[in-house]
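Letter by letter, the sequence shown follows residues 224 to 366 of the working numbering. All C-beta atoms, glycine included, are put in the ideal place defined by N, C-alpha and C. No experiment lies behind these values; they were computed from the predicted model shown.
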Amino acid sequence: MQQRLWVGQVGTITRFGASGARTFAAADGAPPGPVRVLLPDPDGTLWIGSYGGGLARYRDGSLQRITTREGLFDDAISAIVPDRLGRLWLMGNRGVSALRRSQVDSVLGGLASRVDGVTLGSEVGVPEGNGGFPAGWSDGSSF
């Protein structure tokens with residue numbers, strides 16, 4: 224697999240590789256606002272969290288995103304932490320939310336209109352998850 228470097232900026236994401244650089248802008252599906260987190264998956268998927276633009280996914284040359292319009296708990300994503308059960312834990316201004324990757328894939332694939340995650344916010348004592356790097360981490364244990 225070719226090694227690439229991804230850099231998130233405000234409203235753009237640039238991929239650097241052996242063949243040069245490519246910048247993805249809003250017209251390409253890049254989230255508006257500052258990119259706060261990039262999470263690569265072993266399958267080649269890149270998850271992107273942004274401040275104000277929700278959650279984006281780059282896979283197979285396509286950049287797509289979901290926001291609160293599709294049921295995301297918050298459009299300000301500061302951290303993305305995967306777990307072994309196929310969920311993405313998202314941290315944002317409204318707390319912490321867990322989404323099944325399969326649900327996100329269904330929405331982005333046009334098979335569903337909304338995600339249905341579990342959100343833990345201030346109403347249950349969880350403060351906002353808007354932190355620095357790394358803002359979240361999993362030790363690999365089951366929970």
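Three-way DSSP call (helix, strand, coil) for ALA250 in this model: Here residue 250 refers to the residue found at position 27 of the sequence shown. It is helical.
Under the DSSP definition of a beta bridge, which residues are partnered with PRO213? Residue 213 falls outside the range modelled here, since the chain spans only 224 to 366, and no answer is possible.
Rounded separation between LEU228 and THR246 - CA only: For this step, residue 228 is matched to residue 5 along the sequence shown. For this step, residue 246 is matched to residue 23 along the sequence shown. Those two C-alpha atoms are separated by around 12 Å.
Does the beta-carbon distance from ALA279 to ILE236 come in below 9 Å? The residue labelled residue 279 in the question sits at position 56 within the sequence shown. The residue labelled residue 236 in the question sits at position 13 within the sequence shown. In this structure, ALA279 sits near ILE236, with a CB-CB distance shorter than 9 Å.
Measuring alpha carbon to alpha carbon, tell me which residue in LEU262, ALA299, ARG292 is nearest TYR281. Your numbering for residue 281 matches position 58 in the sequence shown. Of LEU262, ALA299, ARG292, the residue nearest in Cα terms is LEU262.
Taking only beta-carbon positions, decide if MET314 is within less than 9 Å of chain D. The question asks about chain D, but that chain is absent: this structure has only one protein chain.
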